[in-house]
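Residue numbers (this note's numbering), protein chains in the order written: chain A, 2 to 209; chain B, 2 to 93; chain C, 2 to 93; chain D, 5 to 724.
By construction, the Cβ of each residue, glycine as well, lies at the ideal position given by its N, Cα and C atoms.
None of these values were measured; they are calculated from a predicted model.
Before any comments, here is the structure.
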Amino acid sequence: MKAAVVVFLGTNCQVETKAALEAYGFETKYVDSNTKNLDEFDCIFLSGGFSYGDYLRSGRIAKFTPLVESLYSYVEKQRGVIAGICNGFQILCEAHLLPGALIENDCLKFVCKNTPLELDFNGTKKKINLPVAHREGKYFYRGDVSEFVFLRYLKNPNGSKDNIAGLYDNKKRIMGLMPHPERAFFNENFGFDGREIFKIIKDELKRG
Amino acid sequence: MIILKSMKNYAAKVIVSLRDDVKDTQGLSVDKMLKRLNIEENANFRTGKFYSFKISAQNLDSAKEKLNFICSEILSNKVVEKYEIIDLKELK
Amino acid sequence: MIILKSMKNYAAKVIVSLRDDVKDTQGLSVDKMLKRLNIEENANFRTGKFYSFKISAQNLDSAKEKLNFICSEILSNKVVEKYEIIDLKELK
Amino acid sequence: MSSSVDENLKKEIEKRLKRTPNELENHLFEALWSEHCGYLHSKKQLKKLNFKGSLLPDENSGGVKIGNHGVFFKVESHNHPCAIEPYQGAATGIGGIIRDILALNARPVALLNSLKFAYPDTKETKHIINGVTKGISDYGNSCGISDIAGEVIFDECYKDLPLVNVMAAGLAPLDKVKLSAFREDLEVVLLGSATGLDGVGGAAFASKKLAKNKNEEKIHVQIGDPFVKKLLIEATLEILDLDGVVSCQDCGAAGLLSSTSEMAYKGKCSFELELDKVHLAQKNIEPWQIMLSETQERMVFALKKEALPEVFKIAQKYELEASCIGRTFKGSNYIIKKDSKILSSTPLDVLCNPYCYDLEPVFESDEIKYLKDKKCELFMDIETAVEKMASSYNLVSRKWFYEQWDYLVGGRSYVAPESTGVGVLKFEEENCFVAFCMDTNPLMCALDPYLGSQNTLLESYRNLVSSGFEPLGFTNCLNFASPKGDDTKYSFVKSIEGLRDCSLKLNTPVVSGNVSFYNEAKDKKIYPSVTVGMCGFLDINKPVIKSGFAMQDEIYLIGKMINKNSNVGGSLYQKELLDFLGGSVDEPDFELEDILKKTIFSLRDKKILKSAVDVSKGGILGTLFRVLCASNIGFVGKLINEENADDKLKLKLLFGEIQTRYIISTQNKKELESYFVENNIPYLYLGKCIGDKIKFDGYEFELAKLREKYLNLLQNALED
Ligand SMILES: Nc1ncnc2c1ncn2[C@@H]1O[C@H](COP(=O)(O)OP(=O)(O)O)[C@@H](O)[C@H]1O
Ligand SMILES: [Mg+2]
């Protein structure tokens, strides 16, 4: 399976994300913001960081790149899975590939800490811990997205509506989450629960 | 981009703020502070972002159109934000 | 704080932005993007914050005084920022 | 010439130059012959330090060698800028120290900081603390460099005089390291943000006392752009890997002038700078302003002509501006040209080799003697004392700070903050972990700069040892008041001698550092604040030792034993509980330090050791209290080891700070004690982790109550 790890100017979690994907058996490649065709990849990863400095609003400027253009056609063709972590999630929301938006944390500060979460995938619920690290991670939406939510905070760190930490689009081909699974992957001190997220993605891909 | 001879420059000022159904946490925090400092009981703060910039266009109408595009597509996200043009005038 | 019977309410709108001699890094970055997107060659973007709120005072003059105090002491940092009152009027 | 260069220096310059400097040159000298750039008062003293075993101590940053890699680390002060504009001051401090590491072609991988503030109870101080914290957060997080450790100290001597010392660490394969010296016949390229008026005159500003009115200083504010910094990091690392790129230096204090003149001086060749070539942020900027601008996010490269196209290509890829601003050639002059006219040509050995003052001989003043001779006769009852110490700003959790800083980005961070005394990075390239920490002990340095600076260095050393790391080298930041003052001269010289002697005894060199004088305002100066940042090594197959306790852990003290005759001058409890500063500072026992290190390492290897922590601020009880709160575990035991102790003595035994001690825990009492006996290790059984109370010698405290303060005191103070 082949995964692309997207590197915008200002992205900074690509190394860990790539390492985690490779540990999960993906063949991975970095792609930059000018990439116009993503068809060779089964899975596109938008990793964390501060794309274009997160100026104006997190994820906003990245939206205007050829890469995000090509994400639209990737989705249209139903080619593979797209996953956005942290800044990647913000970009997907700004690009309206996922519903809702991520706005400034209620505490008005950057928050970096390990948080307990409930992972709810295919009907099985599980408690996991993942680190979060963001300033604009409060999820806001209108309408009802509950059936697409797969990750909720058990101790809400940012004021997200309904404790939402991660969700799918309605076809379950695009997923976004604020916590960093790639940071809970290699080291007992931060746990290994991140692997659960990569497993879901792999299962999604197998599902075809 | 080809800049035509007939292009004029316009100065634009815009405010982008959260929609009314989105909690304005920053505003609430200033409210609290003013209350604590005994300055204002209930200031009902709303916050937004202010942008001023120059755009070039052939006439005021097309400047307006361009400005609306910039505001709706680049400076704001309609899911959570709204914008208000507070000034647009030709630069001489 | 004792709120006197004769207090009136005023609506204030304020813009706080970087002083002209202070580099606006966000603005520079947006300039670059607008150029990259072929939207505007040299937009000279400046960014700031917008606040709207209510203040109570006995008359317009003391409202102004209070507003200036809030702007200079709470909403802005005079080392790098300036403020501009764009509106102050009585609320009926 | 401007008033900030004194008359004697002015004469010296004319004598060496054999003419009167012109207007532009006046500005050049004012900057390069400033304390900040020229180290006028410190240069002779710094030579005393022990650099033996360090890697490239004369470069932008020195380091230590691990296998085929260099680990480079350095600390920088941004005290003056933070007093004026805390947010930008802290941000650009981080930006600056990152560049010093980057210039060597080392990827910056970690940040640390040592912050000193007044107590957070006034609006002004809260503004400073919030601004500094957010500045570090917005800048460091956005650049993608994890903030792994540091310290925060509160004392009223830092009122309006905050100290913001930031440290960066980076890694580079030894064969890729680039130096800063020019060579002849190279093109010189300036990469990064367009030069503007920001920060003009910053070097001179940092070389004098703060003016009373902050607004007078506004022209000096430097503005940081972390996004551009991130691009600059990536672009620089690519450029420095190109063939034909010879040398590199950052543009820090005194900007373009300081970097290029130093590079030329080190490279023993002439440099000709063409001002018209420099890419500018604004028109109407004077030649001297271009030279002295401290616009952030700029790097200087010297390279062979053939490499130019590749360099510009990389710049373009990262959307950075670059310009070729001049060239080097055989000679020894620094030449500035504009419109093909020569504006200035000065010999580099005059420009870059400022007059240096002698601080010696120095004397211990009556005031210091008086302090040392003072005896602490004050006391209070133990219950109140414990409650008070448990809610000391200086002892509670730093969570409020570090949760605003990304301590995980980059994939190397190995432990969470406060789980050990150091920040740890995985360094798989050399199959090891490296750890860093920062420490300062202003109270001890105020009483006895010689022992105080030794104890500071040893605190870092013990932080590393208690986590299982072998100390390799250290950096330092010497924060002092004006070097014109006799007390400051004395404490500066003694601090350096303390660091030197301690470093020789530990066989651990200094690799880099920074000096910040003039931390004083009208009627007020800071305590001498010697900040140490240390680096250590651990084999990747060995466990990092944590400080946390678990239920049923048996707790021991090893090392020096405190008694009624111990010297506890400079202990936190005297200052915080009794408002007392005086008495003699305890001396370290170097032989025992080494024995304790070996003990901890071998107990770890025998798997007898569960946790270890050095005993520092707050003494035995202060240290226990912090670990118990962090671990959320109760304790029952005996801490007072003298018969019939009164409250005064009890305070000393519980909270007194002496050197060369650790608290360790085990689940294997028998083996541990027999190891101690066999190896003749001084130890004391303190008690056991059990229940939800802290109980000792007839006293009893609810853990939950103390812990609430421990976790939330700072947040409550700072967010209110
Ligand atoms: N206290 C100190 N201990 C050891 N080295 C020091 C100390 N202060 C300065 N240095 C060294 O002097 C050199 C010049 O420092 P500095 O002017 O601060 O560099 P930069 O301008 O690159 O920040 C560096 O190599 C630095 O490590
Ligand atoms: Mg340097």
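Assigned with DSSP and collapsed to three states, D:F186 falls in coil, not helix or strand.
Identification of residues in the region 41-56 of chain A having a C-beta nearer than 8 Å to some C-beta of chain C yields Y53, G54 and Y56, given in sequence order. Of the candidates A:V150, A:T116, A:F193 and A:T29, the residue whose Cα lies closest to the Cα of A:D43 is A:T29. Assigned with DSSP and collapsed to three states, D:C255 falls in coil, not helix or strand. A straight line joining the alpha-carbon of D:A122 with that of D:E580 spans about 13 Å.
CA-to-CA, the gap between C:N39 and D:I140 works out to about 34 Å.
By the C-beta density criterion, D:P230 is buried, having at least 16 other C-beta atoms within 10 angstroms. Closest in alpha carbon position to D:A257, among D:V631, D:S274, D:I243 and D:M295, is D:M295.
D:Q92 is positioned such that its CB atom lies no closer than 8 Å to that of D:V232.
Looking at the backbone, the Cα of D:E310 and that of D:I149 are separated by about 33 Å. The region 102-113 of chain D and the region 236-246 of chain D touch, with three or more beta-carbon pairs separated by less than 8 Å. Put simply, of D:F440, D:T603, D:N523 and D:I530 the residue whose alpha carbon is nearest the alpha carbon of D:G67 is D:F440.
Under DSSP, A:H135 takes part in a beta bridge, and its partners are A:V112. It is roughly 49 Å from the alpha-carbon of D:D353 to the alpha-carbon of D:W404. In the DSSP secondary-structure assignment, D:K14 is not bridged to any residue.
Per the C-alpha coordinates, the member of A:D145, A:S74, A:D194 and A:K139 positioned closest to A:F111 is A:K139. Just measuring C-alpha positions, the residue of D:L347, D:G537 and D:L190 sitting nearest D:S274 is D:L190. When beta bridges are read from the DSSP output, D:H73 appears opposite D:I70 and D:P177. In the DSSP assignment, D:D142 falls within the alpha helix (DSSP H) that extends over K127 to C147. In this structure the region 458-472 of chain D lies against the region 531-542 of chain D, because at least three pairs of beta carbons, one per stretch, are closer than 8 Å. For D:P291, there is no enclosing beta strand (DSSP E); the residue is found in the alpha helix (DSSP H) stretching over P291 to L296. Within chain C, the residues whose beta carbon sits less than 7 Å from that of D:G200 are K24, listed in sequence order.
Per DSSP, the unbroken alpha helix (DSSP H) holding C:L35 starts and ends at T26 to R37. In this structure, the beta-carbon distance from A:L57 to A:I175 does not fall below 8 Å.
Per DSSP, D:P90 is one residue of the alpha helix (DSSP H) stretching across P90 to L106. DSSP places D:L710 in the uninterrupted alpha helix (DSSP H) bounded by L707 to E723. With a cutoff of 8 Å on beta-carbon distance, D:N483 and D:L167 are scored as near each other. A direct Cα-to-Cα measurement between D:L284 and D:T264 gives close to 17 Å.
Under the DSSP definition of a beta bridge, B:V80 lacks any partner. The C-beta distance from D:L59 to D:G74 rounds to 5 Å, short enough to fall under 8 Å. From the listed residues A:Y169, A:I83, A:T125 and A:F186, the smallest Cα separation to D:S417 is found for A:F186.
The beta carbon of B:K65 is closer than 7 Å to those of L89 in its chain, skipping five residues each way along the sequence.
DSSP places D:S396 in no alpha helix (DSSP H); its state is neither H nor E.
Following the DSSP letters along the chain, one finds A:I86 inside the beta strand (DSSP E) bounded by residues V82 to I86. A:I104 and C:S18 have their C-alpha atoms roughly 21 Å apart.
Under the rule that a run must span 3 or more residues, the beta strand (DSSP E) segments found entirely inside the region 433-515 of chain D read 436-444 and 474-483.
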